[in-house]
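**Student:** Residue numbers (our numbering): 8 to 339. Here it is, the structure, as structure tokens.
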Ligand code: UT7
């Protein structure tokens with residue numbers, strides 16, 4: 008078995024900042040409600056014409072530069088998104104081609120807010136097993152396009168952006184363990200009712216707003232906290248670690264209250280819990296890689312730090328990864 012490490016990270020967020028005050032102007036809501044219920048102050052929206060692949064491309068370019076690698080040196084591109092450029096083909100194929108890596112395998116994974124966790128697990132496993140030497144894992148979302156801007160229960164939550172991590176074979180193995188899960192018993196807890204093979208987007212669907220995200224927020228809240236705590240404990244236990252060993256927790260940025268409750272459930276002190284939900288809102292599959300890239304840029308991580316990636320989202324789906332940060336040299 009080979010070792011794997013994160014060789015480079017990058018992120019991209021669109022310029023347009025949408026503040027709680029902006030939302031107050033169009034919705035029956037308030038800065039006070041949004042801040043106390045979610046911890047969010049602002050989010051970013053990509054303009055018309057900027058799609059998932061554009062943001063993914065920008066984030067991937069930074070990650071490649073940081074890793075000091077050319078796109079042609081990447082063996083596989085994995086892109087996590089629920090807002091692809093088109094229903095098909097996979098947006099990852101478009102990103103790889105635009106990076107100049109035509110011919111390399113590229114595919115999307117669609118597992119909502121857990122997408123980056125699943126992608127990181129998959130990419131790391133490809134490398135450990137020797138299938139690939141280098142894999143780019145990207146999370147990119149244009150959630151503003153699938154959100155009903157007149158629905159105050161969802162419009163305040165979601166934002167756009169992308170994050171990327173370049174993984175490569177290494178002497179030391181950073182990928183300690185993972186725990187992934189899903190429960191599709193009630194997909195309608197968080198979904199887009201129309202536009203799939205069950206129901207087309209027709210005039211009726213559009214009139215009902217069924218081409219946009221529908222969410223049972225309160226029900227998901229409880230489930231999110233429980234699953235994140237449980238998955239984290241299992242992932243850590245697998246390698247005889249405890250939450251007390253965690254240097255930094257990097258949770259999916261759904262809501263500051265969910266993050267705080269999960270951290271409390273794990274007894275991880277707030278100074279070890281990373282968050283940027285205040286500035287970017289919930290960017291689904293992009294939230295963890297954006298947080299990761301920002302933290303790397305800040306120089307937060309040191310050799311041997313134990314990172315706990317943990318996410319939860321539509322499906323329902325969830326996952327946690329115990330990751331030992333390492334910047335040790337490449338394996339030839
Ligand atoms: O990305 C992963 C998946 N997503 C999540 O994990 C999201 C999970 N859920 C949440 O984050 C929270 O449930 C929300 C932020 C969505 C909602 O917060 P909440 O504390 O669960 O509020 P609630 O849905 O229980 O609503 C409380 C009240 C309701 O009014 P009544 O029925 O008590 O009169 C809502 O109509 O707040 C009302 N409300 C709002 N008021 C002002 C809902 N949205 C808003 C709003 N502004 N934007």
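Just so it is clear, CB atoms sit at the ideal spot from N, CA and C, and this is done for glycine as well. Note that the structure is a prediction, hence the values are computed from the model and not measured.
According to the neighbour-count rule (16 or more other Cβ atoms, all chains shown, within 10 Å of its Cβ), is residue 313 buried or exposed?
**Tutor:** buried
**Student:** Which partner residues of residue 327 appear in the DSSP bridge assignment?
**Tutor:** 186 and 317
**Student:** Hey, is residue 160 close to the ligand UT7, as in C-beta under 6 Å from one of its heavy atoms?
**Tutor:** yes
**Student:** Would you say the segment 65-75 touches the segment 21-38, given that touching needs at least three Cβ pairs under 8 Å?
**Tutor:** no
**Student:** Would you report the Cα separation of residue 154 and residue 109, rounded to the nearest angstrom?
**Tutor:** 33 Å
**Student:** Using a Cβ-Cβ cutoff of less than 7 Å, which residues in the same chain neighbour residue 152 once the five nearest sequence positions on both sides are dropped?
**Tutor:** Once the five neighbours on either side are set aside, the close Cβ partners of residue 152 are 90.
**Student:** Strictly by DSSP, which residues pair up with residue 289?
**Tutor:** 165
**Student:** In its own chain, which residues sit with a C-beta less than 7 Å from the C-beta of residue 333, not counting the 5 before and 5 after it?
**Tutor:** 12, 177, 179, 181 and 310
**Student:** Residue 174 by DSSP, collapsed to three states: which one?
**Tutor:** strand
**Student:** Could you give the C-beta distance for residue 130 and residue 88, rounded to a whole number, given that I count them as a contact under 8 Å?
**Tutor:** Wrong, their Cβ atoms sit about 15 Å apart, outside the cutoff.
**Student:** Taking 7 Å as the threshold (C-beta atoms), are residue 8 and residue 140 in contact?
**Tutor:** no
**Student:** Return the bridge partner residues of residue 12 from the DSSP annotation.
**Tutor:** 175
**Student:** Quick one: residues in its chain with C-beta nearer than 6 Å to the C-beta of residue 223, no 5 flanking neighbours on either side, listed in chain order?
**Tutor:** These residues qualify, in order along the chain: 196.
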